[in-house]
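To start, the structure under review is shown below, and the notes come after it.
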Amino acid sequence: MDIISLAVIGALIVVSPGADFVLVLKNSVTSGRAAGVWTAVGISLAIGVHIGYTLLGIGYLISHNVFLFNIIKYAGALYLIYIGLKSILTANASLDGIEKDEFQLKPSQYLFQGFLCNVLNPKTMLFFVSLFSQLASPESHEYRSILLYGLYIALLHGLWFGAVSILFTSKALQHRMTKIKTRLSQVCGAGLMGLGFVLGAKSL
Numbered sequence: 651m652d653i654i655s656l657a658v659i660g661a662l663i664v665v666s667p668g669a670d671f672v673l674v675l676k677n678s679v680t681s682g683r684a685a686g687v688w689t690a691v692g693i694s695l696a697i698g699v700h701i702g703y704t705l706l707g708i709g710y711l712i713s714h715n716v717f718l719f720n721i722i723k724y725a726g727a728l729y730l731i732y733i734g735l736k737s738i739l740t741a742n743a744s745l746d747g748i749e750k751d752e753f754q755l756k757p758s759q760y761l762f763q764g765f766l767c768n769v770l771n772p773k774t775m776l777f778f779v780s781l782f783s784q785l786a787s788p789e790s791h792e793y794r795s796i797l798l799y800g801l802y803i804a805l806l807h808g809l810w811f812g813a814v815s816i817l818f819t820s821k822a823l824q825h826r827m828t829k830i831k832t833r834l835s836q837v838c839g840a841g842l843m844g845l846g847f848v849l850g851a852k853s854l
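This is the structure we're talking about:
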């Protein structure tokens, strides 16, 4: 695959709506811009884990071990359901203006949420295993290409989700977002739970 194709595929994967997007949106709207940015940082850092197991060949093992792969899928599904349910139950807990940018949790906890959401996402795992198999083979040992492409994907995640956080907490949207924040948090929570149930059902 040529560089342009890889760059386009990576960008499409990053910007396509999914669990990461919903989590960043929820944290940004309910807890402020900084919470969303820290969540984005956690998501970006999680890419390092995917790069690591791919370079070590663990991705090949997981993709060929149904039991182990299903454990990871269930863990990811349960985490999404937990975050979604928590979002719905606490939707009315914080009604302060978005512009205050106050944390409901510690910054490290938002970072950890983003990290777990991405690192336990089997779709992200499959993406790295399937795409990176095109970059390297047992004969070529093109580990440098994998590392560079992985860093590119990590940077894209950080920039994109950071932009999402900034956009949805901008002054142009603050007044409107404050009015619908509770409802949007509930919708995002339901979305996360739905994604979790879908991932869990596919493991059966």
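If you count the sequence shown from 1, you need to add 650 to reach the working numbering.
Each residue gets a CB set at the ideal place from its N, CA and C atoms; glycine is no exception.
As the structure is a prediction and not an experimental result, all values here were calculated from the model.
What is the rounded straight-line gap between the Cα of residue i and the Cα of residue j?
i    : j    : result
T689 : T740 : 18 angstroms
P757 : F717 : 35 angstroms
G764 : H714 : 27 angstroms
L735 : L805 : 30 angstroms
F818 : Y724 : 31 angstroms
A684 : G812 : 9 angstroms
G707 : I693 : 22 angstroms
L695 : Y760 : 13 angstroms
L755 : G839 : 17 angstroms
Quick check: residue i and residue j, are their CB atoms within less than 8 angstroms of each other?
i    : j    : result
I722 : G846 : no
V769 : L675 : no
V672 : G841 : yes
L705 : L797 : yes
V665 : W810 : yes
I733 : Q836 : no
Is it buried or exposed, residue i, if we count other Cβ atoms within 10 angstroms and call 16 or more buried?
i    : result
G698 : exposed
S820 : exposed
I654 : exposed
L823 : exposed
L766 : buried
A851 : exposed
I848 : It should be noted that the sequence gives Val, not Ile, for residue 848. Exposed is the call here.
Give a yes or no on contact between the segment 795-805 and the segment 672-690, applying the rule of three or more CB pairs nearer than 8 angstroms.
Note that the segment 795-805 does not touch the segment 672-690; fewer than 3 beta-carbon pairs, one per stretch, sit closer than 8 angstroms.
Tell me the start and end of each unbroken alpha helix (DSSP H) in the segment 661-716 that is at least 4 residues and wholly inside, in chain order.
Counting only runs of 4 or more, we get 669-681, 683-706, 708-713.
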